[in-house]
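**Student:** Protein chains in written order, with the working numbering: chain A, 1 to 240; chain B, 1001 to 1240. All C-beta atoms in this analysis are idealised placements derived from N, C-alpha and C, irrespective of residue type, glycine included. Note that this is a predicted model, so its numbers are computed, not measured. Following this message is one structure expressed as structure tokens.
There are 2 protein chains.
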Amino acid sequence: MHLFYQSLVASSESVSFLNEDDSRHAIKTLRLKIGDEIAVTDGHGNLHLAVITSAEARRCQFRVTDTKTTPPRSFSVRICVAPTKNLDRIEWFVEKAVEVGIERISFFFGQHSERRVLKLERLEKIAVAGMKQSLQSYLPRLDEAVSFSELIKTVDEEQRFIAHLPGVDSPNDASPVNLARAATAMGRYVVLIGPEGDFSEKEIQLAVAAGFQMVTLGANRLRTETAALTACQFLNFLNV
Amino acid sequence: MHLFYQSLVASSESVSFLNEDDSRHAIKTLRLKIGDEIAVTDGHGNLHLAVITSAEARRCQFRVTDTKTTPPRSFSVRICVAPTKNLDRIEWFVEKAVEVGIERISFFFGQHSERRVLKLERLEKIAVAGMKQSLQSYLPRLDEAVSFSELIKTVDEEQRFIAHLPGVDSPNDASPVNLARAATAMGRYVVLIGPEGDFSEKEIQLAVAAGFQMVTLGANRLRTETAALTACQFLNFLNV
Chain A
1 MHLFYQSLVA SSESVSFLNE DDSRHAIKTL RLKIGDEIAV TDGHGNLHLA VITSAEARRC
61 QFRVTDTKTT PPRSFSVRIC VAPTKNLDRI EWFVEKAVEV GIERISFFFG QHSERRVLKL
121 ERLEKIAVAG MKQSLQSYLP RLDEAVSFSE LIKTVDEEQR FIAHLPGVDS PNDASPVNLA
181 RAATAMGRYV VLIGPEGDFS EKEIQLAVAA GFQMVTLGAN RLRTETAALT ACQFLNFLNV
Chain B
1001 MHLFYQSLVA SSESVSFLNE DDSRHAIKTL RLKIGDEIAV TDGHGNLHLA VITSAEARRC
1061 QFRVTDTKTT PPRSFSVRIC VAPTKNLDRI EWFVEKAVEV GIERISFFFG QHSERRVLKL
1121 ERLEKIAVAG MKQSLQSYLP RLDEAVSFSE LIKTVDEEQR FIAHLPGVDS PNDASPVNLA
1181 RAATAMGRYV VLIGPEGDFS EKEIQLAVAA GFQMVTLGAN RLRTETAALT ACQFLNFLNV
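Structure, rendered in structure tokens:
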């Protein structure tokens, strides 16, 4: 059955509508008709079974026939990452992180960031596609990029980590442990991943002062987007 | 210091040469000169410090001054994956798997594979780039694509797993456990990842008969390349 996304879905007493893109896809591309069954996730944990009640190409109407609600995961993963110079790499990270499972992705501009602009619109579409692709009913939250100091203020997770490039020495460097050993199961996690130029000394001090523990992701030097996905995968694995 | 790859490196008594691409890069692009220091990995665990002894743009000569040998990992990860329709996705998998750490990547054409041709040349360049990027001194082995039955004959790893799409039922499906629970540390692992159309029933029976255990990689339906990288990450994590 075809899966669509609509954050606002009415109960079975009333009808709802697919957005314009999904409506066109449903009616023009898939040639769906009145009475055809579709699945609609609202991104908040609800997967609705529905039937098309009006096959308009710009405003496809449907009525919910059944709803399956999935509870949220028993842990939460938030990755805060500096956008890469090459946008493809950050788009790739969003696609993959959503597929494997993540609750929240926050972006920040670090002192060593080369990229200073990030539009969320395309990334949000990638996130929706990834959620549908992997048959999930929760849409991860994406946050607009802010400065590093602004980002730190938004952190309310208990388990806080800042990924440290292997081989990079700094006054704060007390040979960090691997994230796999530092994190404990069933937690609310946040991991900071720096830009290509890594974090500045000032940013590391700011994070440590805010209760972030420095961790490594292994011996290999990972690209920004690889490090971000690896942190996400490690935390998912920890909670299998 | 600039890192190059040359599988054949002579001892300090003699001289060695960079290949044509690396020579051009070293002399034309980086403008390196006689006496300049470079690092050369042989992909077999040796990282050589060397000095350029002849700055020829097609055949850059160098002499090793010091060699640092890294022991292999205490475990080994081999992922066998069916090439995706879209080559970008399998190229992406090779780049990321090499970055995070893998010993061997084997390709196979399954009964449900749409792609029937795979050239290794470009993938091997991506692997070399990934090894250099992540500062490793071992180059993972890439195997030419073969049929599924041929592939099974090449397996000599003890811990054998075949990834199963969640929600896909089959006579063999005894609700597989997660790879994270099925694998044990310090092993030699091989994981089979199917094509977009998944494995055929016949292929699953063949694998099970060859001692492969069916496993899942979590509740989400993952794309082929995402599943392949996730299996690799889980096994790396298990051995942190």
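(1) Rounded to whole angstroms, what's the CA-CA distance from Arg1073/B to Asn46/A? Just pull it up for me.
(2) CA-CA distance, Ser11/A and Glu114/A?
(3) From Arg1031/B to His44/A, what does the alpha carbon distance come to, in whole angstroms?
(4) Using CA atoms only, rank isn't needed, just tell me which of Ala180/A, Glu150/A and Ser147/A is closest to Gln159/A.
(5) Can you tell me whether DSSP reads Phe1062/B as helix, strand or coil?
(6) Restricting to Cα atoms, I'd like to know which of Val1191/B, Arg1024/B, Lys1096/B and Arg1063/B is closest to Asp1156/B.
(7) Using a Cβ-Cβ distance under 7 Å, would Glu99/A count as near chain B?
(8) Only counting the same chain, and skipping five residues up and downstream in sequence, which positions put a Cβ closer than 7 Å to that of Leu1120/B?
(9) So if I threshold CB-CB distances at 8 Å, which residues from the stretch 1182-1201 of chain B count as touching chain A?
(10) Let me see if you follow: with CB-CB separation under 7 Å, is Glu1119/B close to chain A or not?
(11) For Thr1069/B, I'd like the list of residues in its chain whose CB is within less than 6 Å of its CB, leaving aside the five on either flank, ordered along the chain.
(12) For Lys1068/B, would you say it is in contact with chain A, using Cβ-to-Cβ distances shorter than 7 Å as the test?
(13) For chain A, check one thing: does any of its Cβ atoms lie closer than 7 Å to the Cβ of Phe1234/B?
(14) Nearest to Ile1027/B by alpha carbon, out of Ala1057/B, His1048/B, Asp1021/B and Val1015/B?
(15) Does chain B have any CB closer than 7 Å to the CB of Asp173/A?
(16) Does Asp88/A come out as helix, strand or coil in the three-state DSSP assignment?
(17) Following the continuous alpha helix (DSSP H) through Met186/A, name the residue where it begins and the one where it ends.
(18) Residues of chain E with CB closer than 9 Å to the CB of Arg221/A, please, in chain order.
(19) Count the C-beta pairs between the stretch 214-224 of chain A and the stretch 1206-1220 of chain B that are closer than 8 Å, then say yes if the count reaches three, no if not.
(20) I need the straight-line Cα distance from Ala227/A to Arg1122/B, nearest angstrom please.
(21) Note down, in chain order, every chain A residue with its Cβ under 7 Å from the Cβ of Lys1096/B.
(22) Excluding five sequence neighbours on each side, which residues of the same chain lie with their C-beta closer than 8 Å to the C-beta of Gln1133/B?
(23) Any beta carbon of chain B sitting closer than 7 Å to that of Val128/A?
(24) Near Ile162/A, what residues of its chain come up, given a Cβ to Cβ distance below 6 Å and the 5 sequence neighbours on each side ignored?
(25) Check each candidate in Val1117/B, Ser1076/B, Lys1085/B and Ala1129/B and name the one with the smallest Cα separation from Ile1105/B.
(26) Tell me the rounded alpha-carbon separation between Phe4/A and Ala82/A.
(27) Following the continuous beta strand (DSSP E) through Ala1182/B, name the residue where it begins and the one where it ends.
(28) Going along chain B in order, which residues have a C-beta closer than 7 Å to the C-beta of Phe108/A?
(29) For Gly35/A, count the other beta carbons within 10 Å of its own beta carbon; 16 or more makes it buried, fewer makes it exposed. Which is it?
(30) Please state whether DSSP places Asn1046/B in a helix, a strand or coil.
(31) Going by alpha carbons, who is nearest to Gly197/A out of Glu20/A, Leu87/A, Tyr189/A and Thr224/A?
(32) For a test of the three-state rule: what should DSSP assign to Lys202/A, helix, strand or coil?
(33) Distance check for Leu1008/B and Leu1018/B, CA to CA, integer angstroms please.
(34) Kindly indicate the opening and closing residues of the beta strand (DSSP E) around Gln1213/B.
(35) Quick check on the burial criterion: 16 or more other C-beta atoms within 10 angstroms. Buried or exposed for Ala1209/B?
(36) By the 10 Å Cβ neighbour count, where 16 or more other Cβ atoms means buried, how is Glu20/A classified, buried or exposed?
**Tutor:** Once the coordinates are examined:
(1) 44 Å
(2) As the crow flies, the alpha-carbon of Ser11/A is around 47 Å from that of Glu114/A.
(3) 56 Å
(4) Nearest C-alpha to Gln159/A: Ala180/A.
(5) strand
(6) Val1191/B
(7) yes
(8) Leu1142 and Glu1144
(9) none
(10) The question names Glu, but residue 1119/B is Lys in the sequence shown. No, no contact with chain A.
(11) Gly1045 and Asn1046
(12) no
(13) yes
(14) Ala1057/B
(15) Legend: pLDDT at Asp173/A = 49, less than 50; position of this residue unreliable, value from coordinates given subsequently. With 7 Å as the cut-off, Asp173/A does not count as an interface residue toward chain B.
(16) helix
(17) The continuous stretches of alpha helix (DSSP H) do not include Met186/A, and DSSP gives it neither H nor E.
(18) Given the protein chain composition of this structure (A and B), no chain E is represented.
(19) No, because fewer than three Cβ pairs between the stretch 214-224 of chain A and the stretch 1206-1220 of chain B fall closer than 8 Å, the two stretches do not touch.
(20) Approximately 24 Å between the Cα atoms of the pair.
(21) Against chain A, a Cβ distance below 7 Å from Lys1096/B picks out Thr226.
(22) Glu1099
(23) It does not; no Cβ of chain B falls within 7 Å.
(24) Leu192, Ala207, Phe212 and Met214
(25) Ser1076/B
(26) 30 Å
(27) Run containing Ala1182/B: none in the beta strand (DSSP E); it sits in the alpha helix (DSSP H), Leu1179 to Ala1182.
(28) Going along chain B, no residue has its Cβ under 7 Å from Phe108/A, so there is no contact; the nearest lies around 23 Å.
(29) exposed
(30) strand
(31) The shortest C-alpha separation from Gly197/A is found at Thr224/A.
(32) helix
(33) 9 Å
(34) Gln1213 to Thr1216
(35) exposed
(36) exposed
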